[in-house]
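Residue numbers (my numbering): 1077 to 1545.
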Ligand code: ARG
């Protein structure tokens, strides 16, 4: 046990209490952020004349030394320390002596942990954005290549109207684009530094909070020291955005699983992204898609867990908040892996274009267009709807499709039909006449692709502005 406190205690902490309280097994992830925040803090302390230039230099040398020793493996982060902050400070004092004891001047672990976590999350927001960009690029390529790949569109899992693979992928493009924008918003809202808030009531030292905020690339300092140490909203927002990403990935996974099934065969997942069965030699299972769908639950779990942790907490810091870390770290790892693997699976997936097209031709996906044909020739829509309904029934009895009927058969049901009906209800016409912005017709899709290309080219991914890297 190596603790930063103990002066007012007369007894050793019970070992089980120590273990229950300790967070180093998971907050060691914040090691780099703890060093970065400490360096910014001492640079500011020296600028304000609270530390001498020599003390500052010696502390920075000590901190960077600790960092390289941890990086090269000669210094291990062990459970001898309660948390990552104690580990860094204790090692600093061991290394440079008394000057090290001044690092914590005007700082509390409460603002320190708030800062470390913010720095960590800020960079993870960008990493997740980059992974989303990778997925968007893959989707964009598939969209560009499949503007005239016809397939059935579904409502209620029933074939409804024909569309294109480009259009279907475009729906997911919009979802993941919103996810990127959500992360962007979160980044902007969270990018204020809590450092200098102390335990919760600031400090009597003349700190320059704007300066340390600037050194770490923050927009500025936070404005209420009590809120600064007690705020976990940005984590909740981030977990909510991660949950939405997983919800999108999970819906997409579900479609891939259906499309990859023996019955559909719209796609074939690459061998590298499939697994076999230990007993059934013929099997090739869509495990990646299933796992992504399955892991969605644990990311939602993280969000609900933190919301619940926070709901009854009085101001300001309470140790309950230490529970923010494990679930958040797990959610981030899960989402990053899911995004990378899903993108790889999609990138290598084969689309059975012919099977999709044949499927679109069956199942009366042109029934709406057949009704529109009659409407364009003066039949009121409600009557047209009834006539096509009868036609569908007739086709079902004969096990055929509308466009395979003879003109005599069509005329027997409505004399309005002429031979130009075949062109009007062809798959190509059904899709290509849908030209409203956002619809599957090629010209409309090309306009959307142009707008989305611009979005991808201008996609904001901020560089790390930290002076220490
Ligand atoms: N490990 C703690 C956490 O994650 C650090 C803050 C400790 N502050 C305190 N007053 N005990 O929240």
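Quick reminder that beta carbons are idealized off the backbone N, C-alpha and C, glycines included.
Item to check | Identity of the residue in 1362, 1480, 1257 nearest residue 1208 by Cα | outcome: 1257
Next on the checklist: Among the candidates 1225, 1462, 1253, 1214, whose CA atom is the shortest distance from the CA of residue 1534?
Outcome noted: 1253
Checklist entry - Is it the case that the Cβ atoms of residue 1537 and residue 1205 are separated by a distance below 7 Å? => result Residue 1537 is a Cβ neighbour of residue 1205, given a cutoff of 7 Å.
Next on the checklist: Quick check on the DSSP output: what are the complete alpha helix (DSSP H) runs of length 4 or more inside the stretch 1133-1199, in order along the chain?
Outcome noted: 1160-1172
Item to check | Cβ neighbour criterion (16 or more within 10 Å) applied to residue 1109 | outcome: buried
Checklist entry - Out of curiosity, what's the CA-to-CA distance linking residue 1188 and residue 1276? => result 11 Å
Item to check | With 16 other Cβ atoms within 10 Å as the buried cut-off, status of residue 1522 | outcome: exposed
Checklist entry - For residue 1376, which option in 1318, 1325, 1355 has the closest C-alpha, if you only look at C-alpha atoms? => result Measuring C-alpha to C-alpha distances from residue 1376 to each of 1318, 1325, 1355 identifies 1318 as the nearest.
Checklist entry - Quick one: is residue 1023 buried, meaning 16 or more other Cβ sit within 10 Å of its Cβ, or exposed? => result In the structure displayed, the chain extends from 1077 to 1545; residue 1023 sits before or after that span and is not available.
Next on the checklist: Going by C-alpha to C-alpha distance, which of 1403, 1396, 1395, 1322 sits closest to residue 1367?
Outcome noted: 1322
Next on the checklist: Give me the DSSP bridge partner(s) of residue 1427.
Outcome noted: 1343
Item to check | Residue from 1325, 1474, 1434 with nearest C-alpha to residue 1226 | outcome: 1434
Item to check | Three or more C-beta pairs below 8 Å linking the stretch 1150-1167 and the stretch 1103-1123 | outcome: yes
Next on the checklist: Less than 6 Å separating the Cβ of residue 1093 from some heavy atom of the ligand ARG?
Outcome noted: No.
Next on the checklist: Could you check whether the Cβ of residue 1099 sits closer than 6 Å to any heavy atom belonging to the ligand ARG?
Outcome noted: yes
Item to check | Same chain, Cβ closer than 7 Å to residue 1499, neighbours up to 5 away in sequence not counted | outcome: 1505
Checklist entry - Opposite residue 1230 in the DSSP bridges: which residues? => result 1235
Checklist entry - Can you round the beta-carbon distance between residue 1295 and residue 1267 to whole angstroms, since I take them to be within the 8 Å contact cut? => result 5 Å
Checklist entry - Got a sec: does the ligand ARG put a non-hydrogen atom nearer than 6 Å to the Cβ of residue 1186? => result At least one heavy atom of the ligand ARG is nearer than 6 Å to the Cβ of residue 1186, so yes.
Checklist entry - Ordered along the chain, which non-local residues of its own chain (more than five positions away) have a Cβ less than 7 Å from that of residue 1118? => result So the qualifying residues of the chain are 1127, 1132, 1135, 1136, 1179.
Item to check | Residue burial classification, residue 1527 (beta-carbon count within 10 angstroms, cutoff 16) | outcome: exposed
Next on the checklist: Counting C-beta neighbours from all protein chains within 10 Å, is the total for residue 1384 16 or more, i.e. buried, or is it exposed?
Outcome noted: exposed
Checklist entry - Does DSSP classify residue 1050 as helix, strand or coil? => result With the chain running from 1077 to 1545 in the structure shown, residue 1050 is simply not present.
Next on the checklist: Can you give me the C-alpha to C-alpha distance between residue 1222 and residue 1329, rounded to a whole angstrom?
Outcome noted: 20 Å
Item to check | Closer than 6 Å: residue 1398 CB and nearest the ligand ARG heavy atom | outcome: yes
Checklist entry - Measuring CB to CB, does residue 1501 end up less than 7 Å from residue 1442? => result yes
Checklist entry - Who are the near neighbours of residue 1425 in its chain, counting only those whose CB is closer than 6 Å to its CB and skipping five residues on each side? => result 1343, 1345
Item to check | Residues that residue 1297 bridges to, as DSSP identifies them | outcome: 1269
Checklist entry - If we ignore side chains and look at the alpha-carbon of each, how far apart do residue 1236 and residue 1298 end up? => result 53 Å
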